[in-house]
Amino acid sequence: MAIQLIGYPISTCTLRVVATLKELGVSYEITPPSDFSELKTPEYLATKHPFGKIPVLIDDGFKIYESRAIIRYLVNKYQGKNNSTVLIPSDVQKAGLVEQFISVEISYYDEAVHKLVAQEVFTKFHGKTPDPEIVKEARVEIGKVLDVYEKLLEGKDYLTGEFSLADISHYPYTYYSFSSGHGDLWEKRPNVARWWKNISEREIWKGIVAELNQK
0 MAIQLIGYPI STCTLRVVAT LKELGVSYEI TPPSDFSELK TPEYLATKHP FGKIPVLIDD
60 GFKIYESRAI IRYLVNKYQG KNNSTVLIPS DVQKAGLVEQ FISVEISYYD EAVHKLVAQE
120 VFTKFHGKTP DPEIVKEARV EIGKVLDVYE KLLEGKDYLT GEFSLADISH YPYTYYSFSS
180 GHGDLWEKRP NVARWWKNIS EREIWKGIVA ELNQK
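Each residue of the sequence shown is one higher than the one before, counting from 0 in numbering that gives the first Met the number 0.
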């Protein structure tokens, strides 16, 4: 039975899972909720996600929610089974660095970039006008975070030195920042720009973006 992924294809957190599934060569079927109101129904809250969120992954009867938990689960179960892609190394120290940068992403990167994307993408999606002051604040916050990343990426093509789950975790919000016209924040920092070029030009991610642009 193919893995069932409940989520919207354009959702940032769903994209994080999709990228991991594709990198690992794992087949899946995506099932979008009928509409946003379904996420708050008693049935969905009781059987899918207790906080009414996406994505939710169901694998042979096993259910797991929260995108970063899902992608770790997928690596733990499927890495090495369908291809040679390594997203979390077996070496304990290298694996620790992957976890470190996933933590950095959720603690510092995500918070700043989410503020921007929420205005420039999600607000527009719901037919509203972005708040220019919030956008301005977000750009300043992102700049401060990327200044640290510029140092962290010195002499490296990827966050841990090799492509990993930590890089995948950064995909969605960075992509939407670029597509909404704010890529200059990344491009003006050479190390950060090199890193994004390296991960965004992977064939798997290019294919995902091509599918997004068709929707």
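Just so you know, even glycine gets a beta-carbon here, dropped at the ideal spot from N, CA and C.
With distances taken Cα to Cα, identify the nearest neighbour of residue i among the options.
i: GLU98; options: ARG201, GLU200, ILE167, VAL112; result: ILE167
i: VAL91; options: ARG15, THR159, VAL16; result: THR159
i: SER176; options: LYS76, LEU115, GLU132; result: LEU115
i: LYS39; options: PRO31, LYS52, CYS12, ILE29; result: LYS52
i: PRO41; options: LEU96, PRO49, PHE35; result: PRO49
i: HIS274; options: VAL139, VAL208, LYS150, ILE203; result: Absent from the model: residue 274. The displayed extent of the chain is 0 to 214, so no value can be given.
i: GLU186; options: GLU136, PRO31, TYR148; result: TYR148
i: TYR77; options: ILE2, SER179, LYS150; result: ILE2
i: LYS93; options: THR122, PHE162, GLN118; result: PHE162
Which whole-angstrom value describes the C-beta separation of residue i and residue j, a residue pair presumed to lie in contact below a C-beta threshold of 8 Å?
i: ASP109; j: TYR174; result: Not a contact, Cβ separation roughly 13 Å.
i: LEU23; j: LEU56; result: That pair is no contact at about 13 Å.
i: ILE141; j: VAL112; result: 6 Å
i: ILE133; j: LEU14; result: Not a contact, Cβ separation roughly 23 Å.
i: SER83; j: CYS12; result: Not quite, the Cβ-Cβ distance comes to about 27 Å (not below 8 Å), so this is no contact.
If you measure between the beta carbons of residue i and residue j, is that distance less than 8 Å?
i: TRP194; j: ASP156; result: yes
i: ILE69; j: ILE63; result: yes
i: ASN81; j: VAL25; result: yes
i: LEU152; j: VAL103; result: no
i: GLY6; j: ILE29; result: yes
i: LEU164; j: THR19; result: yes
i: LEU211; j: ILE87; result: no
i: LYS123; j: PRO129; result: yes
i: PRO54; j: VAL85; result: no
What residue does the alpha helix (DSSP H) around residue i start on, and which one ends it?
i: TYR108; result: From DSSP, TYR108 is part of no alpha helix (DSSP H); its letter is neither H nor E.
i: ASP183; result: 183 to 186
i: ILE69; result: 66 to 77
i: ILE203; result: 202 to 212
Could you have a look at residue i and say whether DSSP puts it in helix, strand or coil?
i: PHE177; result: helix
i: ASP58; result: strand
i: TYR148; result: helix
i: LEU4; result: strand
i: ILE9; result: coil
i: ILE87; result: coil
i: ILE133; result: helix
i: ILE53; result: coil
Along the chain, where does the beta strand (DSSP E) that runs through residue i open and close?
i: THR30; result: 27 to 30
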